[in-house]
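One structure below.
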Amino acid sequence: MLTKLTRWSRLKSPWILHLNTGACNACDIEVVAALTPRFDVERFGILLKATPRHADVIICTGPATRQMKDRLIRIYEQTPEPKFVIAAGACAMSGCVYRGAYNVIGGIDQLIPVDVYVPGCPVRPDAVIDAVVKLLNKL
Amino acid sequence: MNFQIPIGPQHPALKEPIGLRITVDGEIIREADLRLGYNHRGIEKLAESKTWIQNIYLMERICGICSHSHTTCYVQGVEKLMEIQAPKRGLYIRTLVAELERIHSHLLWLGVAGHEAGFDSFFMYVWRDREIVMDILEIISGNRVHYAINTIGGVRRDLDELQVKNILDSLSVLRKRSEYYLNLGTTEPSFVARLAGVGYLSKEDALALCAVGPTLRASGVPMDVRKDDPYAVYDEVPFEVCTADTGDVLGRTVVRIKELFQSYNIIEYLLKNLPTGPIAVRAPRRPKSNEVVSRYEAPRGENIHYIKSNGTEKPERLKVRAPTLGNYAATIKMLKNGFIADVPLIFAAIDPCICCAERAVAIVDARTGQEKIVSTSSLKQLKQNVSPNKERKREVVWPL
């Protein structure tokens, strides 16, 4: 009964944290655009949260820069269980054009475990919604 | 009371985070300092290992909002190095995308300003209509954000009659909506009261601190690269440089809304006078060894690229001066003697375009020397607590 309840509540309100690990802003504005009236993810109970302690899903954009490395790991550790990570955009997946730059580590999966990869440079807002739906299906 | 709130290096609403160190005496900011480098990726060094064509894609990814600005600035420089001239139609399409980008960037900013001022429905309205521009850009280039329309020697995609008609139709919708925002954003009493008198920057300071773009123009200096040093086809297109005399956040809002209408006019002119002919010329593989400085008026201000070639397939040096960097010194001036609660608004008003991740503010108490870290979200909370009841001196006259 209790597991049923928790599962139901998790499915109905996946709160997300948007984390920029060194992105060029493009994925960031697209993730924000997903919250605005045209795409409106709030109708699925998806809310953007300011702190990792409130979030269930971390949406990471951008390649992990060396400056962000410790912060990314710390934010991941601050997020309460169960937590999921979406790597949004080609940079978060593999580093994209920044591959080989001295200050870029590469995809964020080298630092934290990733559940869903969303390709695109930048990701489209509908792709972000699709990623969250796919994530919910995994639950 | 001293306590630390170590909230993580991210913030949801504004995508451009930065470290700010502010010394306060009670509520008043006495000293401000910026911490940069959280998003340093090493693009300039990386550019030296890529070819001229590959670098277009890298330049586009310096910033996602003014992606076209950086590629145009770069491509113009390289065209000068290679001694080629892009055909007229190519330049018209390039300018068209540049103006569309200005519209999308200014609408984005307008929404963010509404959000920072606590006017969230304005944010949602503006962002809903911003999707119209994104659709136009998608029609032209096939992508919403990174258009990849520029190439050395012209543009990559042509326009047909149907597209031109589509763009003009959507533009008339957008113009109508913008008039509504102009009315709403400039007559809505609480919104105006929140913005007027905040972050004052005098004309002398703006010039002395090398402010650029709408920040400079809002201080009454009619400086615009499009007028002063015309590139592409701006010398043929009629438009006005918009200024305001108030020098505060309200003035910056007015300048940006006025620029929206200028951009609509420019786009209509470009589409009605679109010349026929090729859109690109063939570019050589290597330029001669030389150096060039390229200027471009991005939505945020003057963008400068310095390119040095040594006659090979790769640039020897590429230096980018993004407009936001020019505005940092002025921001510090604006922050001084203001309220802590105004920090997000003042900082958002320069339309910062640093793609990094930290939005934490370190506050140093001037009397004790102690530091504490406060996140922007708690600053916003503070702002909401402070602003409603506080009597504040308004020194500016409403410009419209």
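Protein chains in written order, with the working numbering: chain A, 3 to 141; chain B, 3 to 402. In this text, a Cβ means the ideal position worked out from N, Cα and C, and glycines have one as well. Nothing here was measured: the structure is a model prediction, and the numbers come from that model.
Q. Using the beta-carbon count (16 or more within 10 Å), is HIS56/A buried or exposed?
A. Its Cβ having fewer than 16 others within 10 Å, HIS56/A is exposed.
Q: Compare the C-alpha of LEU19/A against each of ASP111/A, LYS140/A, PHE86/A, LYS136/A and name the closest.
A: Of the candidates ASP111/A, LYS140/A, PHE86/A, LYS136/A, the one whose C-alpha sits nearest the C-alpha of LEU19/A is PHE86/A.
Q.
Here's the rule I'm using: 16 or more other beta-carbon atoms within 10 Å means buried, otherwise exposed. How should SER11/A be labelled?
A. By the Cβ-count criterion, SER11/A is exposed, with fewer than 16 other Cβ atoms from all chains shown falling within 10 Å of its own Cβ.
(Q) Can you look up ARG258/B in the DSSP assignment and give me helix, strand or coil? (A) In this structure, ARG258/B counts as helix in the three-state DSSP scheme.
Q.
Considering only DSSP beta bridges, list what LEU50/A is partnered with.
A. Within the DSSP bridge table, the entry for LEU50/A names ILE18/A as partners.
(Q) Can you pull the chain A neighbours of ILE42/B, defined as C-beta to C-beta under 7 Å? (A) The question names Ile, yet the displayed sequence has His at residue 42/B. What HIS42/B touches in chain A, judged by beta-carbon distance under 7 Å, is THR67, GLN69, ASN105, going in chain order.
Q) Which chain A residues sit within Cβ distance under 7 Å of TYR59/B? A) The CB of TYR59/B comes closer than 7 Å to the CB of VAL99 in chain A, given here in chain order.
Q. Got a sec, what are the start and stop residues for the alpha helix (DSSP H) ARG228/B sits in?
A. 227 to 230 is the extent of the alpha helix (DSSP H) around ARG228/B.
Q: Indicate whether at least one CB of chain B lies closer than 9 Å to the CB of PRO84/A.
A: No, its Cβ sits nowhere closer than 9 Å to a Cβ of chain B.
Q. When you check each C-beta in the stretch 10 to 42 of chain A against every C-beta of chain B, which residues fall closer than 8 Å?
A. Under the 8 Å Cβ criterion, the stretch 10 to 42 of chain A contributes LEU19, HIS20, LEU21, ASN22, THR23, GLY24, ALA25, CYS26, ASN27, ALA28, CYS29, ASP30, ILE31, GLU32, VAL34, ALA35, THR38, PRO39, ARG40.
Q. Along chain B, in chain order, which residues have C-beta atoms closer than 8 Å to that of ASN102/A?
A. The question names Asn, but residue 102/A is Gly in the sequence shown. LEU48, SER51, listed in chain order.
Q. Excluding sequence positions up to five away, which residues of its chain have a Cβ less than 7 Å from the Cβ of CYS212/B?
A. Around CYS212/B: GLY328, ALA331.
(Q) According to DSSP, simplified to helix, strand and coil, what is ALA89/A? (A) For ALA89/A, the three-state secondary structure derived from DSSP is strand.
Q) Would ILE141/B count as contacting chain A if we go by Cβ distances under 9 Å? A) Chain A contact via Cβ: absent.
**Q.** Whole-angstrom distance between LEU21/A and ILE48/A, CA atom to CA atom
**A.** Those two C-alpha atoms are separated by around 15 Å.
Q) With 16 other CB atoms within 10 Å as the buried threshold, where does PRO191/B fall? A) Its Cβ having fewer than 16 others within 10 Å, PRO191/B is exposed.
Q: Could you please give the first and the last residue of the uninterrupted beta strand (DSSP E) stretch that includes LEU320/B?
A: Its beta strand (DSSP E) spans residues 317 to 323.
Q) Does the beta-carbon distance from THR248/B to VAL256/B come in below 9 Å? A) In this structure, VAL256/B lies closer than 9 Å to THR248/B by Cβ.
Q. Alpha carbon to alpha carbon, how far is ASN105/A from CYS65/B?
A. Those two C-alpha atoms are separated by around 17 Å.
(Q) If the criterion is Cβ atoms closer than 9 Å, does the pair TYR76/B and ASN275/B meet it? (A) No, the pair does not count as a contact, with Cβ atoms beyond the cut-off.
Q | Separation of ARG302/B from GLU404/B, as counted between CA atoms | A | Here chain B comprises residues numbered 3 to 402, so residue 404/B is not present and cannot be evaluated.
**Q.** Residue interval of the alpha helix (DSSP H) (run including ASN57/B)
**A.** Start and end: 54 to 62.
Q: Check the Cβ of PRO124/A against every Cβ in chain B and list those closer than 7 Å, keeping chain order.
A: Neighbours of PRO124/A on chain B, chain order: GLY66, VAL147, HIS148.
Q: Given a cut-off of 9 Å, decide if LEU347/B and VAL283/B are closer than it, judged by their beta-carbon atoms.
A: No, they are not a contact pair.
Q: Please confirm if GLY64/A has its CB atom under 9 Å from at least one CB of chain D.
A: Absence of chain D from the displayed structure is noted, the protein chains being A and B.
Q: Following the continuous alpha helix (DSSP H) through ILE138/B, name the residue where it begins and the one where it ends.
A: ILE138/B -> alpha helix (DSSP H) spans 122 to 143.
Q: Measure the beta-carbon distance from GLU293/B to ILE309/B and round it to whole angstroms, keeping in mind my assumption that it falls under 8 Å.
A: That belief holds up - the Cβ atoms of GLU293/B and ILE309/B are roughly 7 Å apart, short of 8 Å.
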